[in-house]
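Numbering (the UniProt record's numbering), first residue to last: 1 to 127.
All C-beta atoms in this analysis are idealised placements derived from N, C-alpha and C, irrespective of residue type, glycine included.
Remember, it's a predicted structure, so these values are computed and weren't measured experimentally.
To keep things clear, I will list the structure first and then write my remarks on it.
Structure (structure tokens):
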């Protein structure tokens, strides 16, 4: 099913709301194979979408030896004081949200959860 203009605007609004997170760096929504659907903030759309997909796919493959199912959410603390939240959404779409300052992990997770709920509504139309 094709994505309507209304659905795309709804997706863009959900990503822009991630900007309310303190230290917001960027957000990207990607397909399971790493193609960008939408991005916000300082992320380069193509590279960040491929990164989000790679993180989820490679981690699932690595953890597959230990668990029956792969991860649905990951928090990654970067050496440069950046916090990354990667999560699996409806239809295996992937949301990556990043912020500066690792002290705000809880706030970043809540921001990602709100955006994820909005995005799941839009993505269920596409699935």
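Distance from the CA of residue 56 to the CA of residue 87, rounded to the nearest whole angstrom, comes to 8 Å. Taking residue 33 as reference, the option from 50, 12 and 82 with the minimal CA-CA separation is 50. Taken through DSSP and simplified to helix, strand or coil, residue 81 comes out as coil.
Annotation: the UniProt domain "Roadblock/LAMTOR2" (18–97) contains the following complete segments of the alpha helix (DSSP H) (minimum length 4 residues), in chain order: 45–63.
Contact between residue 59 and residue 71 holds, since their C-beta atoms are separated by about 6 Å, short of 8 Å.
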